[in-house]
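Mapping the sequence shown onto the working numbering, position 34 (from 1) lands on 293, and the numbers just tick up by one.
For glycine and all other residues, C-beta sits at the position ideal for the given N, C-alpha and C.
Quantities reported herein were computed from a predicted structural model and do not represent experimental measurements.
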Amino acid sequence: QVQPVESGGGLVQPGGSLRLSCAASGSGFGRYVMSWYRQALGKQRELVASIGISGATNYAESVEGRFAISRDNAKNTGYLQMNTLKPEDTAVYYCKLSNPFFGTTWGQGTQVTVSS
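This is the structure we're talking about:
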């Protein structure tokens, strides 16, 4: 089973950009749907974006047009490019890998803080 590890979080000013990475240990990354979730302090975890095995993408309305999800199966890595960041994007971002036969795994999360 693959295990995702997130990286790339940090502090950025409003309007800035960050790129998160989700590196998967183990083999078979290309067989998993990859999703990014986020959880702000005191709020429920919410889906940000997902990318299927075929490359089809889906975005939350709040990030549509600002964020872009992608994957490089040869590198066992997925990405979330975040542009025009807003203070309300501040949250811990989690990578989730899911497959109906092999199950679901979550990473430990990476903190993104948007503040001046």
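- Listed as beta-bridge partners of P359 by DSSP are no residues whatsoever.
- In the structure shown, the three-state DSSP call for R290 is helix.
- Judged by DSSP secondary structure, I328 falls within the beta strand (DSSP E) whose first and last residues are F326 to D331.
- The alpha-carbon of Q262 is positioned some 11 angstroms away from that of G287.
- Proximity of the region 311 to 324 to the region 266 to 277 falls short of the contact definition, fewer than three beta-carbon pairs being nearer than 8 angstroms.
- In the three-state DSSP reduction, P273 falls in the coil class, being neither helix nor strand.
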